[in-house]
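First comes the structure, then the notes that go with it.
Residue numbers (this note's numbering): 633 to 752.
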């Protein structure tokens, strides 16, 4: 994992503890040919019922990045490309991002969740 990917993964791990959400870092999805497509973070319960799979901005410029996005969307995940601003945990940014992705988890969303889309 590259430094920026590590920093983004670490920031989301902090967010998981602070916000009470479920996050998996440095995972992968497997395509039909058995190829592993690595992601930086998977955020459960937001974006779609299966959650959101994230990579870094610019990753869609590579074959692997395009394959991950396609695989994630076909498998029922929401996909997002995160910028360098996510390399440091800032509660307001992460809450706004999760609000924008929307809650799809079982039961009630976390108490901090407003569901307000980005920019509103």
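Each residue gets a CB set at the ideal place from its N, CA and C atoms; glycine is no exception.
Compare the beta carbon distance of residue i and residue j with 7 Å and say whether it is the shorter of the two.
i	j	result
residue 687	residue 672	yes
residue 741	residue 652	no
residue 654	residue 733	no
residue 680	residue 709	yes
residue 745	residue 643	no
Using only CA atoms, which one of the options lies nearest to residue i?
i	options	result
residue 833	696, 674, 657 and 678	Outside the displayed range of the chain (633 to 752) lies residue 833, so it cannot be described from this structure.
residue 650	713, 748 and 723	723
residue 728	638, 666, 712 and 750	750
residue 703	715, 682 and 716	682
residue 675	714, 656 and 665	656
residue 696	706, 726, 712 and 667	667
Less than 8 Å between the CB atoms is what I'm expecting for residue i and residue j, so what's the real figure, rounded?
i	j	result
residue 721	residue 646	4 Å
residue 658	residue 641	6 Å
Beta strand (DSSP E) runs wholly inside the stretch 646–677, at least 3 long, in chain order = 655–657, 660–662, 668–670 and 673–675
Count the CB pairs spanning the stretch 691–703 and the stretch 735–750 that are closer than 8 Å, and state whether there are at least three.
-> no
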